[in-house]
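Using numbering that gives the first Met the number 0, the final residue of the sequence shown is 154, and nothing's skipped along the way.
What follows is a set of notes on a single structure, which appears directly below.
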Amino acid sequence: MATTRTHHRMLIAGTMTASLLGLAGCAPDVSERLEDLEAVNLGTNAEVGPVSFDNMLVVTRGEGEPARLMGVLTNFSNETIDVTIADADDSTGFMLLPGQQFAFQENVVVLDTADDRPGARIELTFTVEGETDSAPVPVRNGTLEWLEPYIPAVA
Numbered sequence: 000m001a002t003t004r005t006h007h008r009m010l011i012a013g014t015m016t017a018s019l020l021g022l023a024g025c026a027p028d029v030s031e032r033l034e035d036l037e038a039v040n041l042g043t044n045a046e047v048g049p050v051s052f053d054n055m056l057v058v059t060r061g062e063g064e065p066a067r068l069m070g071v072l073t074n075f076s077n078e079t080i081d082v083t084i085a086d087a088d089d090s091t092g093f094m095l096l097p098g099q100q101f102a103f104q105e106n107v108v109v110l111d112t113a114d115d116r117p118g119a120r121i122e123l124t125f126t127v128e129g130e131t132d133s134a135p136v137p138v139r140n141g142t143l144e145w146l147e148p149y150i151p152a153v154a
């Protein structure tokens, strides 16, 4: 019986050693520097002409309800730029000063209605000085608690 018990202990020890060796390869690469890591976006990024549209999404209570734009625009030119953002039935336009960064979290811009339910994506069209591009943008609601304060009130 002592032989079986010893054999059993050796089997357990071998299994544990193999498991630990397997986990050793799962450690993060410490040579990767923190500043080299990219931020995780909830939204969509796009570039049109000299304007960068970063982390774009819309926040709403539901389909057909008002939808607030979220994200950041950056004008990389030395000129004032006209920008228009539109979905299937609404549009909004404004001017960006040279080098200006425009954060929708600080500047309220609301589309009349969300064209789809939270969890879906809607097509937004970005126009900069006559140049146009479009991208699918996520529709979010208050499920992510930090977005709740940005959901527009229903009129």
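Note that the Cβ used here is the ideal one computed from N, Cα and C, for glycine as well.
Note that the coordinates shown come from a computational prediction; the quantities given were computed from them, not determined experimentally.
Q | Option nearest V47 by Cα separation, candidates V127, V138, A102, L143 | A | Locating residue 47 in the sequence shown gives position 48, where the first residue counts as 1. Looking only at V127, V138, A102, L143, the smallest Cα-Cα distance to V47 is reached by V127.
Q: Please state if the CB of Q100 and the CB of Y149 are separated by a distance shorter than 8 Å.
A: Locating residue 149 in the sequence shown gives position 150, where the first residue counts as 1. Locating residue 100 in the sequence shown gives position 101, where the first residue counts as 1. No, these two residues do not count as a Cβ contact at 8 Å.
Q. Who are the near neighbours of G61 in its chain, counting only those whose CB is closer than 8 Å to its CB and skipping five residues on each side?
A. On the sequence shown, position 62 is the one that residue 61 refers to. Residues A113, R116, P117, N140 of the same chain have their beta carbon placed closer than 8 Å to that of G61, with the five preceding and five following residues left out of the count.
Q) Beta-carbon separation of G92 and V82 under 8 Å? A) Locating residue 92 in the sequence shown gives position 93, where the first residue counts as 1. Locating residue 82 in the sequence shown gives position 83, where the first residue counts as 1. Cβ distance < 8 Å, so G92 and V82 count as in contact.
Q. Which residue comes first and which comes last in the beta strand (DSSP E) that contains G92?
A. Here residue 92 corresponds to residue number 93 of the sequence shown, with the count starting at 1. That run of the beta strand (DSSP E) goes 90–95.
Q.
Just to confirm the assignment, what range does the beta strand (DSSP E) spanning A134 have?
A. Reading the sequence shown from its first residue, position 135 is the one you call residue 134. Looking at the DSSP string, the run of the beta strand (DSSP E) that includes A134 is 130–139.
Q: Please name the residue in I121, S76, T43 whose C-alpha comes closest to that of G63.
A: Against the sequence shown, residue 63 aligns to sequence position 64. It is I121.
Q: Find out if the Cβ-Cβ distance for the pair S133, T124 is shorter than 8 Å.
A: The sequence position of residue 133 within the sequence shown is 134, counting from 1. The sequence position of residue 124 within the sequence shown is 125, counting from 1. Their beta carbons are under 8 Å apart, which means S133 touches T124 by this criterion.
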